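Whatever position you read off the sequence shown (first residue = 1), add 5 for this note's numbering.
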Amino acid sequence: MSDNIIRYERDDEGIVTLTMDDPNAGANTMNAAYKAAMGETVDRLESERDDITGVVLTSGKKTFFAGGNLADLQKATAETAGDVFAEVEGIKAQLRRLEQLGKPVVAAINGAALGGGLEIALACHHRIAVDDNKIKLGLPEVTLGLLPGGGGVTRLVRMLGITEALMGWLLQGQQRTPADALAKGVIDELVPTREELVPAAKAWIRAHQEDATAATKPWDVKGYKLPGGTPTTPAFAANLPAFPANLRKQLKGSPIKSPRSIMSAAVEGAQVDFDTASRIESRYFAELTAGRESTAMIQAFFFDLQSINSGALRPAGIERSKVSKVGILGAGMMGAGIAYSCATSGIDVVLKDVSIEGAEKGKAYSAKLLDAKVAKGRLSQEDRDATLARITPTADAADLAGVDAVVEAVFEDHDLKEKVFAEVEAVVGPDTLLCSNTSTLPITGLQGFATRPADFIGLHFFSPVDKMQLVEIIRGEHTSDAATARAIDLVQQIRKIPVVVGDGRGFYTSRVFGTLIIEGAQLVAEGVDPQTIERAATSAGFPAPPLAMLDEVSLTLTQHIRSEAAKAAAAEGREIASTPGEEVIDTLVELGRKGRASGAGLYDYPAGAPKVLWPELRQRWSKDTQIPLRDLQDRYLFRMALETAACFEEGVLTDTQAANIGGIFGIGFPPHTGGPATFMTNYEGGLAGFVARANELADTYGERFRPSAWLTERAATGTLVDVQESAA
Ligand code: NAI
Numbered sequence: 006m007s008d009n010i011i012r013y014e015r016d017d018e019g020i021v022t023l024t025m026d027d028p029n030a031g032a033n034t035m036n037a038a039y040k041a042a043m044g045e046t047v048d049r050l051e052s053e054r055d056d057i058t059g060v061v062l063t064s065g066k067k068t069f070f071a072g073g074n075l076a077d078l079q080k081a082t083a084e085t086a087g088d089v090f091a092e093v094e095g096i097k098a099q100l101r102r103l104e105q106l107g108k109p110v111v112a113a114i115n116g117a118a119l120g121g122g123l124e125i126a127l128a129c130h131h132r133i134a135v136d137d138n139k140i141k142l143g144l145p146e147v148t149l150g151l152l153p154g155g156g157g158v159t160r161l162v163r164m165l166g167i168t169e170a171l172m173g174w175l176l177q178g179q180q181r182t183p184a185d186a187l188a189k190g191v192i193d194e195l196v197p198t199r200e201e202l203v204p205a206a207k208a209w210i211r212a213h214q215e216d217a218t219a220a221t222k223p224w225d226v227k228g229y230k231l232p233g234g235t236p237t238t239p240a241f242a243a244n245l246p247a248f249p250a251n252l253r254k255q256l257k258g259s260p261i262k263s264p265r266s267i268m269s270a271a272v273e274g275a276q277v278d279f280d281t282a283s284r285i286e287s288r289y290f291a292e293l294t295a296g297r298e299s300t301a302m303i304q305a306f307f308f309d310l311q312s313i314n315s316g317a318l319r320p321a322g323i324e325r326s327k328v329s330k331v332g333i334l335g336a337g338m339m340g341a342g343i344a345y346s347c348a349t350s351g352i353d354v355v356l357k358d359v360s361i362e363g364a365e366k367g368k369a370y371s372a373k374l375l376d377a378k379v380a381k382g383r384l385s386q387e388d389r390d391a392t393l394a395r396i397t398p399t400a401d402a403a404d405l406a407g408v409d410a411v412v413e414a415v416f417e418d419h420d421l422k423e424k425v426f427a428e429v430e431a432v433v434g435p436d437t438l439l440c441s442n443t444s445t446l447p448i449t450g451l452q453g454f455a456t457r458p459a460d461f462i463g464l465h466f467f468s469p470v471d472k473m474q475l476v477e478i479i480r481g482e483h484t485s486d487a488a489t490a491r492a493i494d495l496v497q498q499i500r501k502i503p504v505v506v507g508d509g510r511g512f513y514t515s516r517v518f519g520t521l522i523i524e525g526a527q528l529v530a531e532g533v534d535p536q537t538i539e540r541a542a543t544s545a546g547f548p549a550p551p552l553a554m555l556d557e558v559s560l561t562l563t564q565h566i567r568s569e570a571a572k573a574a575a576a577e578g579r580e581i582a583s584t585p586g587e588e589v590i591d592t593l594v595e596l597g598r599k600g601r602a603s604g605a606g607l608y609d610y611p612a613g614a615p616k617v618l619w620p621e622l623r624q625r626w627s628k629d630t631q632i633p634l635r636d637l638q639d640r641y642l643f644r645m646a647l648e649t650a651a652c653f654e655e656g657v658l659t660d661t662q663a664a665n666i667g668g669i670f671g672i673g674f675p676p677h678t679g680g681p682a683t684f685m686t687n688y689e690g691g692l693a694g695f696v697a698r699a700n701e702l703a704d705t706y707g708e709r710f711r712p713s714a715w716l717t718e719r720a721a722t723g724t725l726v727d728v729q730e731s732a733a
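Here it is in structure tokens:
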């Protein structure tokens, strides 16, 4: 047996227990060794069939089976698509033989079964799982730009029907608990403990010895009908045209390919026999695997997130720290949100504002969010009360004594921040981590007045804090490695994603985000129809379009940021000229249209109705200027990517993971691109191809698209950083 990856044990009753347990890895994956072992296993089962009463398939790992080998899948190209197709067909042929062994096969699911893991279980005749809410079951391939190519689409469609398979599992890659999966008909039985799993599987086999249907899938029985009907069933056919339209709506115009391929594989596969459907699925799988989208999404959503979450980028050699009590200064919108995130993670919070009323108002925000959870049945009243009791509102700085960390979120004013930190430092212990949630003020300037600059760091949260998973950690010039490590630990303790960046105006995310909204305003100035400006962004995959975002952040804030930058430049003897887009913003502000908060901006906000683009915008600026859609989309993507490149050049960014994850999770860079860094290196022709296209845009639309000498030089290496921190 190849490396003993699948242990084969037959008991006195003739029940074979197969234990998948790759000795060379922490989890089982569909690697070459698995394929060889499964091939040998199925051969043996077939040759010993007459002495076998049933088969139990389980795992020797903590998880059941982890799925496909992503490092291999990521490397696939158009040239190797044929090999991918052959490979996946081979893996599926083995599972199909297991399914048609003629003996009942039971999956005994002891831990997570995601992707390929669940697909193996779906090939079995009966699925028993441990009733543990920590176990996740699902087919998340879509989130990696792939589709379940191990039989997942074909079998789920036949088990649940097209609609339920697509909506409940495939299109969004939902991860479900065993109890939820049981309710959805994907798991057949639950047992309370892991110890009861294999005995329960054997008991089912025993109980079904005389039942011929136990070892046969419904679709292998003559007369099988797909639940809910096929595209040739009139009732179903009548609904079918709405499927792609709904998908498009759900995707908000994003060009992402994987959900479309999944829908095609499901609908086309429903019209043919099982084996043909399975082959159709393999074709779509090979096509997606070979494309750039899966390369990019596997990088971002698997490898980049994994290295961030596992602490691979955390300064080495520093012991993990834990915060028991945090002080939050300022109970406004951000402070209140940060208090909620800390309290729900079990941290005691001292929430300070200038008045006790202000502090209490901040605490009330948590009460509102917690009450909503109770109302939805997602939280018990006791847990709600316990969480809320962790927040102590105060107007007295003395109450901050004993906190492990301070997070400042008072008004964005340098002098005020200086004042509150002086107040705090007089009260807190010498080990307290000092964090500022400033969104624009350089950290090095702020830490200059702290008595312990090494312990001072930027902790930039995003609004609304309870929903946004990212926190941008900013190291000032004097911030120590130990403080950086502690800040990372704190962010992870509150279950958010930390990305570490260097100091500078706008740090990383705000700076890059600014280029998107200013480019939107620039297009208004050039006379492009405002609706076209917005649509070009959503069709490029941005979750929200630039003019709407400009209204959200407020036009006056962008003016403020610009004037601060102008002051800083003037101090260095440079002058920054206004751009046509900035002049559009100035005109709107003069007209009293300052953005959403002020009730009017680029959009109108009629009471009780959806916002609409301000009609006069078109009258004042539109000249029916026609710019090809691809150029419009590239202007957004390239402005942001080029600004990201500038961050690397200036040392604000030192790793591609922070660039990608910060870009996607913080500022909505289109997820299917894998984030701004991967967008550049994964561009057609690699980084050199990106630079060539940027030069083209610069020739047509202006010098802001011109790649710097540094970036042009990097193009020859194909990477943005010297150590290529990519696939593991
Ligand atoms: P906010 O205006 O809602 O809240 C500020 C709070 O600080 C007010 O409740 C105010 O009473 C309080 N405050 C003023 N002086 C104080 C003092 N001496 N001691 C204690 N509290 C005091 O402002 P917001 O939006 O919460 O912003 C706070 C900080 O977070 C700013 O630095 C801002 O730039 C930053 N930020 C804001 C984001 C946003 O989307 N609003 C995003 C990321 C960072």
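Every residue, glycine too, gets a C-beta built ideally from N, C-alpha and C.
What you are looking at is a predicted structure, and each value in this text was computed from that prediction instead of being measured.
- Residue 695 and residue 470 have their alpha carbons spaced roughly 34 Å apart.
- Rounded to whole angstroms, the gap between the alpha carbons of residue 64 and residue 26 is 6 Å.
- The nearest non-hydrogen atom of ligand 1 is less than 7 Å from the C-beta of residue 357.
- Beyond the five residues adjoining it in sequence on each side, residue 385 comes within less than 8 Å, by CB distance, of 379 in the same chain, given in chain order.
- Here the distance from the Cβ of residue 415 to the nearest heavy atom of ligand 1 is below 7 Å.
- Around the C-beta of residue 283, 16 or more other C-beta atoms lie within 10 Å, and the residue is accordingly described as buried.
- The beta carbon of residue 276 sits closer than 7 Å to the beta carbons of 235, 236 and 237 from its chain, once the five residues preceding and following it are set aside; these are given in chain order.
- Ranked by Cα distance from residue 479, the first of 223, 456, 451 and 163 is 451.
- Beyond the five residues adjoining it in sequence on each side, residue 223 comes within less than 6 Å, by CB distance, of 229 in the same chain, given in chain order.
- Under the 8 Å Cβ criterion, the stretch 526-541 counts as touching the stretch 607-622, having at least three qualifying pairs.
- Taking the Cα of residue 403 as reference, the smallest distance to any Cα among 164, 370, 334 and 50 is reached at 334.
- Taking the Cα positions, residue 421 is about 24 Å away from residue 330.
- Membership of residue 465 in any alpha helix (DSSP H) is not indicated; the residue belongs instead to the beta strand (DSSP E) covering 461-466.
- Every unbroken stretch of the alpha helix (DSSP H) spanning 4 or more residues and falling wholly within the stretch 382-450 is given here in chain order: 386-394 and 419-430.
- Residue 194 carries a strand assignment under DSSP once its states are collapsed to helix, strand and coil.
- When the beta-carbon positions are compared, residue 259 and residue 289 stay at least 8 Å from each other.
- Put simply, of 361, 367 and 321 the residue whose alpha carbon is nearest the alpha carbon of residue 342 is 367.
- Taking the Cα positions, residue 78 is about 24 Å away from residue 46.
- Taken through DSSP and simplified to helix, strand or coil, residue 539 comes out as helix.
- Annotation: the continuous beta strand (DSSP E) that includes residue 503 extends over 502-507.
- Residue 445 has its CB nearer than 7 Å to a heavy atom of ligand 1.
- Distances taken from the Cβ of residue 90 to the heavy atoms of ligand 1 include none shorter than 7 Å.
- Within its own chain, the residues whose Cβ lies closer than 7 Å to the Cβ of residue 567, once the five positions on either side in sequence are excluded, are 587, listed in chain order.
- Within a 10 Å sphere around the beta-carbon of residue 257 sit fewer than 16 other beta-carbons, which makes this residue exposed.
- The criterion of a C-beta distance shorter than 8 Å is satisfied by residue 293 and residue 263.
- At a cut-off of 7 Å, the beta-carbon of residue 467 counts as near ligand 1: some heavy atom of the ligand is closer than that.
- In this structure, the C-beta of residue 335 approaches ligand 1 to less than 7 Å from one of its heavy atoms.
- Contact check between the stretch 41-60 and the stretch 80-90: fewer than three CB pairs, one atom from each, fall below 8 Å, which does not count as touching.
- Taking residue 499 as reference, the option from 350, 210 and 493 with the minimal CA-CA separation is 350.
- Excluding its 5 nearest sequence neighbours in each direction, residue 432 has C-beta neighbours in its own chain below 7 Å: 402, 403, 405 and 406, listed in chain order.
- Taking the Cβ atoms as the reference, residue 560 lies roughly 5 Å from residue 599, within the contact range of under 8 Å.
- Secondary structure note for residue 66: it is in no beta strand (DSSP E), with a DSSP letter that is neither H nor E.
- Between the stretch 576-586 and the stretch 545-565, the count of Cβ pairs shorter than 8 Å is below three; the stretches do not touch.
- The Cβ atoms of residue 128 and residue 156 lie closer than 8 Å to each other.
- The stretch 321-329 makes no contact with the stretch 456-463, as fewer than three CB pairs between them are under 8 Å.
- Our two residues, residue 158 and residue 201, have alpha carbons roughly 30 Å apart in a direct line.
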